[in-house]
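Peer 1: Residue numbers (the UniProt record's numbering): 1 to 1183. C-beta: ideal position from N, C-alpha, C; glycine also. If you're wondering where the values come from, they're calculated on a predicted model, not measured in any experiment.
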Amino acid sequence: MLSISLGMPRLITKDSFSPERWVEIVTKHRVSVVLMGAPHIAQLVKSGLLQNHSMTFVKRLISLGCILPVDIAQTISSCIPNGKIFNVYALTESGKIASELENAFNLSVGKLSPGVQAKIVNEAGEKLGVGEVGELCVKTHVEFMGYFNNPEATAAARDSDGWIRTGDLAKFDDNGHLIIKGRKKFILKYNNFHVSPTELEEILCRHPDVLQVAVVGVPDSLFNDLPAAVVVRRENSTVDEEELLKFLEGKIVDFKKLRGGVYFVRELPTTPSGKVKSGLVKEMAVCQISVDDATTRTNGEIHKASLQIACSLRKLGCSKGDVVTFVCRNTHDLTPAILAALFLGAPVNVLDILFTKEYGSNAEICVLGQKVPNFLHINDLMDVKDDKNTKADIQKLILHPPEVDKDSCALIVCSSGTTGFSKGVAISHEGFLKHFYKPHWKSFSSLDDKVFSFASFYWLSGYTCLMLSISLGMPRLITKDSFSPERWVEIVTKHRVSVVLMGAPHIAQLVKSGLLQNHSMTFVKRLISLGCILPVDIAQTISSCIPNGKIFNVYALTESGKIASELENAFNLSVGKLSPGVQAKIVNEAGEKLGVGEVGELCVKTHVEFMPQQLPETATVGSVQEILTNFDDNGHLIIRGRKKFILKHNNFHVSPVELEEILCRHPDVLQVTVVGVPDPLFNDLPAAVVVRRENSTVDEEELLKFLEGKIVDFKKLRGGVYFVRELPTTPSGKVKSGLVKEMAKTHPASTRICSSGTTGFSKGVAISHEGFLKHFYKPHWKSFSSLDDKVFSFASFYWLSGYTCLMLSISLGMPRLITKDSFNPERWVEIVTKHRVSVVLMGAPHIAQLVKSGLLQNHSMTFVKRLISLGCILPVDIAQTISSCIPNGKIFNVYALTESGKIASELENAFNLSVGKLSPGVQAKIVNEAGEKLGVGEVGELCVKDPRGIYGNKLSRNLSFSGYFNNPEATAAARDSDGWIRTGDLAKFDDNGHLIIKGRKKFILKYNNFHVSPTELEEILCRHPDVLQVAVVGVPDSLFNDLPAAVVVRRENSTVDEEELLKFLEGKIVDFKKLRGGVYFVRELPTTPSGKVKSGLVKEMARLMSIVSSRLHTLPPAVTLNIFASFRISSFPLKKSLQLSELVFENNIVSFGENYCSLIVGKVVHIPASPNDQIVIMKEFRS
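1. Which class does Pro678 belong to by DSSP, given the choice of helix, strand or coil?
2. Pull up the distance between the alpha-carbon of Ile12 and that of His29, whole angstroms please.
3. Considering only the alpha carbon of each residue, which of Val497, Lys648, Lys304 lies closest to Lys391?
4. Do you know whose CA, among Ile470, Ile507, Cys465, Ser471, lies nearest Phe483's CA?
5. Can you tell me where the alpha helix (DSSP H) holding Glu601 begins and where it ends?
6. Any contact between the region 918-927 and the region 829-844? By contact I mean 3 or more CB pairs, one from each, below 8 Å.
7. Please list, in chain order, all residues of the same chain as His141 whose beta carbon is under 6 Å from its beta carbon, the five residues on each side excluded.
8. Taking the alpha-carbon of Val511 as reference, which of Val489, Asn52, Arg526, Val497 has the nearest alpha-carbon?
9. Can you name, in chain order, every residue of its own chain whose Cβ lies under 6 Å from the Cβ of Glu1018, other than the five neighbours on each side?
10. Keeping to the same chain, check which residues put their C-beta closer than 7 Å to that of Pro1133; ignore five residues upstream and five downstream.
11. Just mark Ile1129 as buried or exposed, buried being the case when its beta carbon has 16 or more other beta carbons within 10 Å.
12. Suppose contacts are defined by Cβ-Cβ distances below 7 Å. Is Ser543 in contact with Phe552 by that definition?
13. For Asp684, which residues does DSSP report across the bridge?
14. Provide the residue(s) that pair with Gln117 in DSSP beta bridges, ordered along the chain.
15. Measuring only the C-alpha atoms, how far is His177 from Gln117?
16. Can you tell me whether DSSP reads Ala539 as helix, strand or coil?
17. When every heavy atom of the ligand GDP is checked, does at least one fall within less than 6 Å of the C-beta of Ser801?
18. When you compare the region 189-200 with the region 225-235, are there three or more beta-carbon pairs, one atom per stretch, that lie closer than 8 Å?
19. How many angstroms separate the CA atom of Asn995 from the CA atom of Ala879?
20. Specify the secondary structure class of Met807 as computed by DSSP and reduced to three states.
21. Ordered along the chain, which non-local residues of its own chain (more than five positions away) have a Cβ less than 8 Å from that of Leu204?
22. Quick check on the burial criterion: 16 or more other C-beta atoms within 10 angstroms. Buried or exposed for Ser87?
23. Are there 16 or more other CB atoms within 10 angstroms of the CB of Met502, so buried, or fewer, so exposed?
24. Compare the beta carbon distance of Gly1044 and Gly1077 with 7 Å and say whether it is the shorter of the two.
25. Could you tell me if Met55 is buried or exposed, where buried requires 16 or more neighbouring beta carbons within 10 angstroms of its beta carbon?
26. Starting from the C-beta of Gly317, find all residues in its chain whose C-beta is less than 6 Å away, skip the five residues before and the five after it, and write them out in chain order.
27. Contact check, Ile662 vs Leu707 under 8 Å by CB: the rounded distance?
28. Just verifying my parser: in three-state terms, what is the DSSP assignment at Phe436?
29. For the UniProt domain "AMP-binding enzyme C-terminal" (199-275), list the alpha helix (DSSP H) runs that are entirely contained and at least 4 residues long, ordered along the chain.
30. Just verifying my parser: in three-state terms, what is the DSSP assignment at Glu617?
31. What are the complete alpha helix (DSSP H) segments, minimum 4 residues, inside the region 827-905?
32. Can you tell me the Cα-Cα spacing of Met8 and Lys494, whole angstroms?
33. Drop a sphere of 10 angstroms on the beta-carbon of Ile4, count the other beta-carbons inside from all chains shown, and report buried for 16 or more, exposed for fewer.
34. Could you tell me the alpha carbon to alpha carbon distance between Asn548 and Gly514, rounded to whole angstroms?
35. Could you name the residues of the same chain whose beta carbon sits closer than 7 Å to that of Pro19, not counting the 5 residues immediately before and after it, in chain order?
36. In terms of DSSP beta bridges, what is Gly720 paired with?
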């Protein structure tokens, strides 16, 4: 009509809108009047195509359909310098209602057009005043005749007085300008097309797994509304976004596609009659997305759940000050549970599943995740009646929350644990709010941002990620998985994450993995590096992969919150300037302040309230953080390293951080830690422990040459370069330097024998005369004996148990039976039954073999009064079986060391893994890696003192363990600085004071950062009726560290195989304890004479057998092989008919002689034709 009435030529095209086509037509034909939808104008501006055009010929640009955003209007205005923009507000039903003709850049659509009447009304139809928002109703000169063939809709379009209901929410300002606030109706407008939610909902509801659905519009600056579906799945359904999008294909046109996404929720907000409240659904901003199963949680859902959980916890007796602990990874239910505890003023303590400990308290247990029978589940706390009482409880909680202040603990967050076990850092409510209320964080986010971190709530960074999400409205991605470069790339690219928090070690691993070479992550805006200093070369590499983003080096402590951050993206070792409100000083050893450029210990005061009174006495408190730093001339803080990790070589200070940063530049170095090897002359010899990149052959010589010219003489690696498969790290990726230092040390071992020798050669334990008498003079032993008692043990005087048997005989007058024979079940039964022995001492492994032999089934040994089990923990089922064979006797679990004598004994015949209470006079403590005392129920290394103790210690001169004979190094390592003997056993105390042994510290396996106890697996496997003996060890693996493997001795004539034993374990162990290293069957295990398995040799056996198993696929298919693992130190037989000439290896020779056996494993290139040929796999052990 413009064309007809004004005589202007009208340009037409069959094409749909696109920015390119618009620019082409308008510039080619020099169009002066343009009508277009506001979303199209926004797309045109965002395309960047107008930058090279100044359209001086355009006189009027008429914006229709939606409100034109101010920034878009300003940009398009600069491109039409001779023209004006007209915001026109019109309805099809009424024609033009208003227009902004003054080119004003605001959300107004101008004053009413001539002849138009308008009113703003509330839900009751009452008129509203200036500034009040309600529905806009109009009367215009356009005669609306109704909707064609739709009398219901026609009637609903007008009120009783004939006013047309626009369906838009609006208001008038003081100048009479009309301002549109949004749609009352929920018809969506995508790219100028109308989309009916009802139509999409009707189609989606046809899917068999969709219980309920609401389609709403996600606001978008370019397209106005992005259609999105919020779905409630049917019970047990796993339907996902991809499946529903495929379901819609072919059923809808392109502009109706769900570009806003598909989100899954537990329920939709509805009216009492069951109608979905579409307005509330639109406001259900998704705040949490699980990348594991694509489920989401909205702010509304989490808020509601947190209030329900808080009310339920209060009914269970939880109140202000009660510590609420969660042991789990990131799950949907964890967030509302944490918020619920904060509602109640109850300190929150989250433990990662990697740190799961034996449960030993009387607290209420509530399960998150899969339901466990007979335990409260988190859903039970949220499943509350929606009645008046519940609403009253929630209202009371909101209106009358507990009073909290700087003296009220909000969080107990774990420290990094790089120097030992993590400590629980108590943070007050005031400190929590001060740390996380950051108004400037608003600059971080926009509507489409997402934030992600692998960190769990075990770390402060986990809470940082949560609070970024809550305070800025950014959806937070969560996963139960631990960090790996592959998983990181998958999550960040798939979900186009814009804000990422991650530890500096993880960034380094990501860069070194090479996975970023094929990705340009233009969507990442901020990469926040935490935990350690990011090496310069790593920072430069990662920066090139996020061309539109910035890297933030943040320096923070759990105890103090953020101290400093480098926000200028500078690639140096600075962590920037101090954060607002932070005070800092650099001091020397004497506590004196140092000046600019001088390196010393950093001490800080911050606004985060660190509550040291909440911590154990053993924890270090105060603001001194043992970090060596200096300030440069610009006030930037530069971190030099941990105070306790700075090395001192020949009176020169050496910074490991500096050497690590240089070595990491080498292309073949994946990870490195520099530590000090103790030296009597030079104090510390700098040494590097290196993880090579895959397939790298870099060696010590090459790395030493690489350092030449880059460091001064005293920093050279005189302690050597050592290559390992992986470094011990915390779950956040920080290297445990204390453990690495132990890896770099050498441990010479004596060839003298007396200790058990399970971990290597036995050591000669020297015991003084005083200690001997104190240990064996036991007046209470008289209760053991009567006139006709006899005592027997196979143990020789090689072991402490041999002397125990002797001294029982001498002090109590009991005849002692002796034999030259070694233990076997047949000989034991013969001696004990023939001589009716009443007191028997034997190792727990021998008891297990005796039970498994089946020889006791025909014997009821009523004459045995006491069976004393020594050496290892006696499995419960073995104890129960042997107990039934000695009906008049008791079993005594005795826990003792050669170095200390008896420590504890279980005298109550209880069938559990306890070794009883401590013996009289014995002192004990459980300590973590840092030597800090642990509490009841916490597992750590057991250290003891007793009346025998350590001879010559300044703190206890009367004690009498003189050390290991001719082995001063081992003697020094056997005790701590306070004279406590390190047992090497992992243990804990229960609430009753009973000592429970969990396994050997050095035998605990580490699979994929999980700790696996061989003792637990052995105890379970021993229950299988066909297992005579078993040892669980770790097969080294470059990816997962230790693959648990079982080396099994079958009972005679048994045919049990690997498959059967793996099935036997199902349901009895968690996933990470599965025998991924395999199950291997041998004729016998190498043991000490006392029956203890030599785990070191068994581990070597398992390693070799796994090598052979992995290489079988290289052999010709017609060849049948019998594989033997042969050790001179054990009694594995070699077939006499074996001829070495039968075996042909590529460039290898297999040989053996009188004195030793040797092995070189190579590729098999030829096997003789005979199907019975054998490959004998041997490991060198000099006799």
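Peer 2: In short, the structure shows the following:
1. strand
2. 12 Å
3. Lys304
4. Ile507
5. Careful: Glu601 lies outside any alpha helix (DSSP H), inside the beta strand (DSSP E) at 600-605.
6. no
7. So the list reads Gly115, once near-sequence residues are dropped.
8. Val489
9. Val1030, Val1032
10. Residue confidence for Pro1133 is low, a pLDDT of 33 falling below 50, so the modelled location carries little weight and cannot support an answer.
11. Any reading at Ile1129 must be qualified, since the residue scores a pLDDT of 27, below 50, and its modelled position is unreliable; no value is offered.
12. Not a contact, by the Cβ cut-off of 7 Å.
13. Pro678
14. Lys139
15. 13 Å
16. helix
17. Of ligands this structure carries none, so the ligand GDP is not represented either.
18. yes
19. One detail in the question is off: residue 995 reads as Leu in this sequence, not Asn. C-alpha separation (whole angstroms): 18 Å.
20. helix
21. Val210, Val213, Val215, Ala229, Val231, Leu244, Phe247, Leu248
22. Note that residue 87 corresponds to Asn in the displayed sequence, not to Ser. Per the 10 Å Cβ criterion, buried.
23. buried
24. At residue 1044 the sequence reads Pro, which differs from the Gly that was named. Yes, these two residues count as a Cβ contact at 7 Å.
25. buried
26. none
27. 7 Å
28. Helix, per DSSP.
29. 241-248
30. Low per-residue confidence applies at Glu617: pLDDT is 35, beneath 50, and the placement is therefore not dependable enough to give any value.
31. 844-853, 876-885
32. 50 Å
33. That one is exposed.
34. 20 Å
35. Gln43, Leu44, Ser47, Leu49
36. Ala687
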